[in-house]
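Residues in the sequence shown are numbered from 403 upward in steps of one, following the working numbering.
For each residue, glycine too, the CB sits at the ideal point set by N, CA and C.
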Amino acid sequence: MKKVVFTILIVSLAIGLPFMVLDFLYKGAKEFRVPEELEKLVVDLGTGERDGELLLERYLPVPSTVELFFQSNTEGPKHLRLKSEGEMLGRTTPEVGFVVGRYTGTQSASASLVLAPGRYALYLTSGKEEGQLIVGYREIPIDQAEFARLSKIHGGDLNNPPSGYKEVYSAHLAGLDAHDEAIYTISTEKALDLGLSIYTSAQQGTVSVDFVGSTFRFRGLVSTEHRMCDQLELTLPRGEYQVKLSCQEADGQLYVFLKEGP
Numbered sequence: 403m404k405k406v407v408f409t410i411l412i413v414s415l416a417i418g419l420p421f422m423v424l425d426f427l428y429k430g431a432k433e434f435r436v437p438e439e440l441e442k443l444v445v446d447l448g449t450g451e452r453d454g455e456l457l458l459e460r461y462l463p464v465p466s467t468v469e470l471f472f473q474s475n476t477e478g479p480k481h482l483r484l485k486s487e488g489e490m491l492g493r494t495t496p497e498v499g500f501v502v503g504r505y506t507g508t509q510s511a512s513a514s515l516v517l518a519p520g521r522y523a524l525y526l527t528s529g530k531e532e533g534q535l536i537v538g539y540r541e542i543p544i545d546q547a548e549f550a551r552l553s554k555i556h557g558g559d560l561n562n563p564p565s566g567y568k569e570v571y572s573a574h575l576a577g578l579d580a581h582d583e584a585i586y587t588i589s590t591e592k593a594l595d596l597g598l599s600i601y602t603s604a605q606q607g608t609v610s611v612d613f614v615g616s617t618f619r620f621r622g623l624v625s626t627e628h629r630m631c632d633q634l635e636l637t638l639p640r641g642e643y644q645v646k647l648s649c650q651e652a653d654g655q656l657y658v659f660l661k662e663g664p
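The following block contains the structure:
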């Protein structure tokens with residue numbers, strides 16, 4: 403996948419990660435910047451209010467990663483919901499919601515979802531505002547062996563990391579009470595390429611896994627609602643980084659896998 407340059411690190415959006423706001427090297431630019439590889443849909447928000455209006459409907463003949471990109475030059479919340487007739491790996495139900503605010507220039511919001519074959523559709527609920535919502539999208543077919551691996555994780559067989567990844571933490575969550583507890587620490591004296599995959603089978607209680615550095619925090623990489631974060635790729639400057647767990651009254655298991663190097 404395409405890597406995105408952050409102020410502190412480089413990110414390749416993880417498979418299964420439902421929503422991430424990307425805030426790049428500078429702010430304030432008013433123009434839209436949709437990656438060239440994406441198809442683009444422009445919505446004129448000034449034409450009226452919308453209540454679950456269909457924006458996009460597509461058919462996937464094979465299992466695919468669906469990448470979504472959002473920008474808007476209006477302040478009001480834009481509520482989007484994607485529904486799939488096939489399974490959405492890492493989620494209990496085959497639908498996911500997003501709320502998009504004002505993101506222009508080098509600011510955007512993105513999602514990467516793994517969908518089984520079938521139709522999917524994107525719906526919008528929003529108020530009337532003078533401005534636009536930009537939706538970028540593309541579909542990347544997934545190799546059958548890779549989809550089988552991700553399907554095993556979706557079904558609860560979590561010990562199925564990508565090639566080159568090693569287990570650094572695993573736990574049964576029943577009876578575990580943790581608040582922002584560091585479960586793995588990485589210290590590096592030089593820039594480090596890091597891959598991170600986190601899976602949980604929890605379906606009740608509270609579970610959240612964050613990845614934290616001195617100047618940033620990725621919150622909720624997995625939870626009971628989105629249980630799979632696969633191959634989040636980072637380039638980290640020197641420093642100390644921690645994987646942190648918050649958990650209460652949960653069930654299921656948690657696995658964390660890591661890869662160092664390209």
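- Query: Who are A576's beta bridge partners in DSSP?
  - Reply: In the DSSP output, where bridge partners are listed per residue, A576 has none listed.
- Out of R493, Y505, E642, H556, state which residue places its alpha-carbon closest to the alpha-carbon of F434. It is Y505 whose Cα lies nearest to the Cα of F434.
- Do you know whose CA, among K480, V609, T449, Q605, lies nearest H685's CA? Missing from the structure shown is residue 685; the chain here goes from 403 to 664 and no further.
- Task: Assuming L656 contacts E583 (C-beta within less than 8 Å), just tell me the rounded distance between them.
- Result: Going by Cβ atoms, the distance from L656 to E583 rounds to 12 Å, so no, they are not a contact pair.
- Item | Per-residue burial, H628 [other beta carbons within 10 Å of its own, 16 or more giving buried] | It counts as buried.
- Query: If we ignore side chains and look at the alpha-carbon of each, how far apart do G623 and E451 end up?
  - Reply: According to the sequence provided, residue 623 is Leu. The question's Gly does not apply to it. Their Cα atoms are separated by approximately 33 Å.
- Message: Alpha carbons only, please: which of V658, Q473, K442 is nearest the one belonging to E732?
- Response: Because the chain spans 403 through 664 in this model, residue 732 falls outside it and cannot be assessed.
- Message: Taking DSSP's pairing of strands, which residues face A523 in a bridge?
- Response: Partner residues in the beta bridge of A523, as assigned by DSSP, are E459, K485.
- Task: Return the chain-ordered list of same chain residues with a C-beta closer than 7 Å to the C-beta of P463, the five sequence neighbours on each side being excluded.
- Result: These residues qualify, in order along the chain: P519.
- Apart from the five residues on each side of it in sequence, which residues of its chain come closer than 7 Å, Cβ to Cβ, to G654? Excluding five sequence positions before and after G654, the CB atoms of its chain that fall closer than 7 Å to its own CB belong to L575, T602, S603, A604, Q605, given in chain order.
- Query: Which one of R493, L456, G507 has the shortest CA to CA distance from R483?
  - Reply: Here the closest residue by C-alpha is L456.
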